[in-house]
Amino acid sequence: NAGVTQTPKFQVLKTGQSMTLQCAQDMNHEYMSWYRQDPGMGLRLIHYSVGAGITDQGEVPNGYNVSRSTTEDFPLRLLSAAPSQTSVYFCASRGDRNSPLHFGNGTRLTVT
Amino acid sequence: KQEVTQIPAALSVPEGENLVLNCSFTDSAIYNLQWFRQDPGKGLTSLLLIQSSQREQTSGRLNASLDKSSGRSTLYIAASQPGDSATYLCAAALMDSSYKLIFGSGTRLLVRP
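Here the protein sequences come in this chain order: Z and X.
Under the working numbering, the residues of the first sequence are numbered 1 to 112, in order.
Under the working numbering, the residues of the second sequence are numbered 1001 to 1113, in order.
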């Protein structure tokens, strides 16, 4: 059972480039989410989804897009990378609101 | 706006000591509260989840308590071991949007052999 899988593990982008961070889970979880983790600021919610075809904004959604075409996958798209988006990005999923949240191992993104 | 605070930011204890990590939240209307462990370069691992109707949860040497009226949760670690060294984070799920978790900044724990 792989759990939550994120790719790539590391990525370096130049300002203005776009890319997609991949997230897949094999636990048939309805809820999936993206967080960014920055030193001294904890984890902040970017976008989340409560099922295929349903997405909503979190605390810091600007500069990011998401879609949820299947239960398993929840990609995060950076439209035009900025140095302020340098961070560690985590994808997480849970079965329902009473269940624990499962995290992937993260993607470390550097924007120069 | 819900804010979650964890104090201290870092803690160093000798092996074998019992210790308490603190988590406070500003809005008592939470759906549940979760404690996580994060090892360097890794994702978060869920340790304990306490529903708003519960007062505590236990797993092995770990015990988490929840006091909504005072806006506090504590994580008690008994007989600490060097392998417990990690960052511990708490996160509160909002009552009006229980899928959204608000995280504290974490307590970095070092257990010295």
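We treat Cβ as the ideally placed atom computed from N, Cα and C, and that holds for glycine.
Small disclaimer: the values here were computed from a predicted structure and weren't measured.
Interface flag, residue i vs chain X, CB-CB below 9 Å
{"i": "residue 50 of chain Z", "result": "yes"}
{"i": "residue 74 of chain Z", "result": "no"}
{"i": "residue 98 of chain Z", "result": "yes"}
{"i": "residue 24 of chain Z", "result": "no"}
{"i": "residue 45 of chain Z", "result": "yes"}
{"i": "residue 106 of chain Z", "result": "yes"}
{"i": "residue 35 of chain Z", "result": "yes"}
{"i": "residue 12 of chain Z", "result": "no"}
{"i": "residue 4 of chain Z", "result": "yes"}
Below-9 Å beta-carbon distance, residue i vs any chain Z residue
{"i": "residue 1025 of chain X", "result": "no"}
{"i": "residue 1107 of chain X", "result": "no"}
{"i": "residue 1032 of chain X", "result": "yes"}
{"i": "residue 1013 of chain X", "result": "no"}
{"i": "residue 1004 of chain X", "result": "yes"}
{"i": "residue 1062 of chain X", "result": "no"}
{"i": "residue 1089 of chain X", "result": "yes"}
Spatial distance of residue i from residue j (CA atoms)
{"i": "residue 20 of chain Z", "j": "residue 78 of chain Z", "result": "6 Å"}
{"i": "residue 109 of chain Z", "j": "residue 1086 of chain X", "result": "22 Å"}
{"i": "residue 1042 of chain X", "j": "residue 106 of chain Z", "result": "7 Å"}
{"i": "residue 97 of chain Z", "j": "residue 1098 of chain X", "result": "6 Å"}
{"i": "residue 1022 of chain X", "j": "residue 33 of chain Z", "result": "26 Å"}
{"i": "residue 5 of chain Z", "j": "residue 93 of chain Z", "result": "11 Å"}
{"i": "residue 1069 of chain X", "j": "residue 1024 of chain X", "result": "11 Å"}
{"i": "residue 76 of chain Z", "j": "residue 47 of chain Z", "result": "9 Å"}
{"i": "residue 1040 of chain X", "j": "residue 71 of chain Z", "result": "29 Å"}
{"i": "residue 91 of chain Z", "j": "residue 23 of chain Z", "result": "6 Å"}
{"i": "residue 1033 of chain X", "j": "residue 18 of chain Z", "result": "35 Å"}
{"i": "residue 1026 of chain X", "j": "residue 37 of chain Z", "result": "21 Å"}
{"i": "residue 16 of chain Z", "j": "residue 1011 of chain X", "result": "41 Å"}
Residues bridged to residue i (per DSSP)
{"i": "residue 1102 of chain X", "result": "X:1092"}
{"i": "residue 1005 of chain X", "result": "X:1024"}
{"i": "residue 51 of chain Z", "result": "Z:54"}
{"i": "residue 111 of chain Z", "result": "Z:13"}
{"i": "residue 32 of chain Z", "result": "Z:49 and Z:93"}
{"i": "residue 1063 of chain X", "result": "X:1058 and X:1076"}
{"i": "residue 24 of chain Z", "result": "Z:5 and Z:73"}
{"i": "residue 42 of chain Z", "result": "Z:38"}
{"i": "residue 1097 of chain X", "result": "X:1094"}
Under 7 Å from the C-beta of residue i: neighbouring residues of chain Z
{"i": "residue 1110 of chain X", "result": "Simply none; closest approach about 18 Å."}
{"i": "residue 1049 of chain X", "result": "100"}
Check: residue i C-beta below 8 Å from any heavy atom of the ligand HEM
{"i": "residue 85 of chain Z", "result": "Summarising the ligand content, the structure contains no ligands, and the ligand HEM is consequently not present."}
Chain-ordered chain X contacts of residue i [CB-CB under 8 Å]
{"i": "residue 31 of chain Z", "result": "1099"}
{"i": "residue 90 of chain Z", "result": "1043 and 1044"}
Within chain X, partners of residue i - CB distance below 7 Å
{"i": "residue 40 of chain Z", "result": "1105"}
{"i": "residue 58 of chain Z", "result": "1100"}
Proximal chain Z residues relative to residue i, where beta-carbon distance stays under 8 Å
{"i": "residue 1093 of chain X", "result": "97"}
Fully enclosed by the region 66-102 of chain Z, which beta strand (DSSP E) runs are 3 residues long or longer? 76-78 and 87-94
Go through the region 1011-1058 of chain X residue by residue and report every complete run of the beta strand (DSSP E) that reaches 3 residues or more, in order. 1019-1025, 1030-1038 and 1044-1051
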